[in-house]
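Residue numbers (my numbering): 90 to 304. For each residue, glycine too, the CB sits at the ideal point set by N, CA and C.
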Ligand SMILES: CC(C)(COP(=O)(O)OP(=O)(O)OC[C@H]1O[C@@H](n2cnc3c(N)ncnc32)[C@H](O)[C@@H]1OP(=O)(O)O)[C@@H](O)C(=O)NCCC(=O)NCCS
């Protein structure tokens with residue numbers, strides 16, 4: 090037991106795409122992650138998230154974002170987990186790609202969510218990071234399906250899903266902000282409907298995390 094990844098194997102996991110590195114958030118990445126949040130993720134007039142966490146005052150936003158990362162780590166159980174991947178581009182953390190599963194051994198389904206700091210949006214990175222976790226889930230974990238959802242006005246998020254092959258899976262309403270009803274579009278992708286990227290995903294540190302993730 091000499092390294093942190095020996096006692097918490099998720100810290101040894103890394104997914105690499107042509108331009109990005111995805112690693113479960115480590116504490117030393119939190120300052121860069123917070124900077125990416127504070128630099129702005131979206132037009133404040135429109136709330137893309139189901140929970141309006143980016144509306145919080147600066148000091149609350151910082152504290153709650155950090156606590157959220159620790160809380161997610163603490164809730165990891167075999168087959169039921171959320172991994173928040175810090176997304177690094179050109180040497181700095183620019184966003185987050187989360188992947189979650191419940192009773193993975195039975196359901197073989199993952200759910201994902203993501204954001205990028207505004208300065209790097211619309212360059213294909215959102216699609217690249219989503220493709221990374223789909224390749225990971227389908228090819229390395231043995232997932233059969235992937236779910237996502239987005240507000241009906243969120244063309245960028247829906248654009249990523251559409252271009253990777255997701256199809257419609259119903260709609261619902263939620264109150265993302267007090268008094269504000271958002272129509273959510275649900276999307277589903279079967280492994281055999283995945284529009285695969287031309288590049289190959291490189292995965293490091295897989296073996297030690299497999300028992301935990303697949304349950
Ligand atoms: C959603 C998000 C991660 C997408 O990442 P991105 O890097 O901006 O998107 P990409 O450049 O990878 O675009 C991927 C696809 O969506 C399309 N797309 C992107 N933005 C679009 C827009 N505003 N309108 C229409 N299509 C759009 C692209 O054309 C591309 O499709 P293609 O491969 O067929 O050409 C990013 O925009 C973001 O962080 N937004 C704010 C937070 C958010 O909304 N998170 C999701 C909550 S559900």
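Opposing strand residues paired with residue i [DSSP bridges]
i	result
residue 174	113 and 186
residue 158	BP columns for residue 158 are empty, so no partner.
residue 257	276
residue 181	178
Residue i versus the options, residue with shortest Cα-Cα distance
i	options	result
residue 143	91, 129 and 300	129
residue 232	104, 193 and 115	193
residue 223	245, 100 and 186	186
residue 303	289, 190, 108 and 91	190
residue 134	294, 147, 243 and 169	243
residue 179	230, 123, 111 and 136	111
Simplified DSSP assignment, three categories, for residue i
i	result
residue 217	helix
residue 240	strand
residue 200	strand
residue 165	coil
residue 149	helix
residue 226	helix
residue 264	strand
residue 103	strand
residue 245	helix
Please list the segments of the beta strand (DSSP E) lying wholly inside the region 266-304, counting only runs of 3 or more residues, in order along the chain.
269-279 and 291-293
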